[in-house]
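Notes for the one structure printed next.
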Amino acid sequence: MTEQIRRVLVRSLDDITLEEVPAPVPGDDELLLRTTVVGVCGSDTHAAAGHHPFIDLPYRPGHEAVGVVAAAGKGAEDFAPGDRVIIEPNLYCGRCPQCRSGRYNICQELKVFGCQTPGAMADLFTIPADRVHRVPDGMTDIEAALVEPLATPVHAVAKAGDLTGRTVVVLGAGPIGLLVLAAARHAGAARIAVTDLLPGKRDRAQRLGADTALPADATDLADQAHAALGGPADVVFDCVAREQSIAQATDLVTKGGTIIVVGVGAAGTTPVRLDLIQDREIRIEGTLMYTGDDYRTAMSLISSGAIDTAEIVTATYPLEDAAKAFAASVDPEQVKVLVTVDGP
Ligand SMILES: [Zn+2]
Ligand SMILES: [Zn+2]
C-alpha cells in the first residue's frame, strides 16, 4: 500500500481542509521534499477569498516553502536525502524571449508552483531540482521561510536603480512593504518614510527602521512626507496598488523620480495622472516576483541579520491548523504567518 500524505485543500477562506492523497514520487530531474515550514502569502488569502486573478479555486497552496530532501529522482543526484532547501516557485518555459534574456520571472508561460500547481503545504511534494536553493548553514528554517517573501522586495528595490543616499517612500506596511523597507535600507537609502492606515503597522515599520511612519489617510500626507524627507521622494514603492495609492505616489515622488508598483493591482483599469507623469518625467515601473539572483541577495541579507525575524514572523501553526493560519493571515495585525510541518 502506498504511503498517504496530508495536503491542504483550499475551496474558500471558510473551507480549508486537509486531503489525504498518495505520496508523490519524484520523476526525472525532480526532488521529493519533506516540508518543514511554509508561509501563507497575501496571494494565498487573496486566492482563498476568490479575488486572485490567476489562481482558480479550489487549489493546493504553498509556494514559500522550506523542506528536506527525502529522495532525488534520476538526474537530480546533486542533492542527497537530508539536504535542506528552499523552493523558488517560478516555473518557466526557458524558450521565450524573456526567459532567454534572463528575465524568467516574466516568462510568457509563467506558472507559479503552489498557485497554478499543487503546492508545498503538505507532508511531501515534488519539484524540479533546478527550482530549489540550498539553505546556508546557520540559517534556521524560519529564517529560510522568509527568503521567498524577501526576494520580491529585493527585486523591486533593484529595479529602482542605485538607492545610495536616496529618499524613499514605501506605501503600505504589510509584509511586502516592511520587507521593501529592509531591502531599501540595505541598498543604501538615506531616509525612508512608510505609510499605512493602521497605527500598529506604522509602529512596527518604525521598529524595523523607518525614519518616519505616516498615516496613509492624512490629507496633508505629501507635506508630512516632504518635511520628513527634506523634499519629494526620489523613489516611491507602491505596495498597495490602488487608485488612491498611485495618486499619492505621483504626488510624493520628485520630478524625474521613480514609482515602482509592487502591490498586485485590482483587475481592470486604475486611473493615473498622466499629465503629471509626462510633465514631471516620472517613471512608473512594475515588478513581478524575482530570479535566482534575488534569492541569493535575499539569503545574504537574512544571513547578515538585517531582517528582524521576530518582528516579521508573528504566528506559526501546525499543518493540521492550516485553516487557522489562513484566518490569522487575514488579520492586519499579523505580518507573516507560517505553517510548520512535523510529518504525519
Ligand atoms: Zn508569495
Ligand atoms: Zn519563458
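So the sequence shown is residues 7 to 350, counted in my numbering. By construction, the Cβ of each residue, glycine as well, lies at the ideal position given by its N, Cα and C atoms. Treat the numbers as computed from the prediction; the structure is a model and nothing was measured.
So does the stretch 279 to 297 actually touch the stretch 311 to 329, counting three or more Cβ pairs closer than 8 Å?
no
For ARG101, is the beta carbon positioned less than 7 Å from some heavy atom of ligand 2?
yes
Can you list, in chain order, the residues of its chain with a C-beta nearer than 6 Å to that of ALA329? Leave out the 5 residues immediately preceding and following it.
ILE22
Strictly by DSSP, which residues pair up with ARG40?
VAL74 and LEU130
Once DSSP output is grouped into helix, strand and coil, what is the label at GLY45?
strand
Output the distance between the C-alpha atoms of ILE252 and CYS245, rounded to the nearest integer angstrom.
10 Å
So within the stretch 211 to 282, which uninterrupted alpha helix (DSSP H) runs reach at least 4 residues, ignoring any that extend past its ends?
227 to 235 and 249 to 258
Please classify GLN254 as buried or exposed, where buried requires at least 16 neighbouring CB atoms within 10 angstroms.
buried
Grouping DSSP H, G and I as helix and E and B as strand, with all else coil, what is VAL16?
strand
Classify THR173 as buried or exposed, calling it buried when 16 or more other Cβ atoms lie within 10 Å of its own Cβ.
buried
Please look up how many angstroms separate the CB atoms of ARG40 and ALA76, rounded, as I've assumed it's under 8 Å.
5 Å
What residue from LEU280, LEU24 and ALA55 has the CA that sits closest to LEU325's CA?
LEU24
Answer yes or no: the CB of TYR98 versus the heavy atoms of ligand 2, is any distance below 7 Å?
yes
ALA162 and LEU187: beta carbons closer than 8 Å?
no
Measuring CB atoms only, is the stretch 45 to 60 touching the stretch 331 to 341, in the sense that at least three cross pairs come out at less than 8 Å?
yes
What is the rounded straight-line gap between the Cα of ILE148 and the Cα of MET127?
15 Å
Tell me the start and end of each unbroken beta strand (DSSP E) in the stretch 134 to 173 that is at least 3 residues and wholly inside, in chain order.
138 to 140
Taking 8 Å as the cut-off, decide whether the C-beta atoms of VAL160 and ALA196 are in contact.
no
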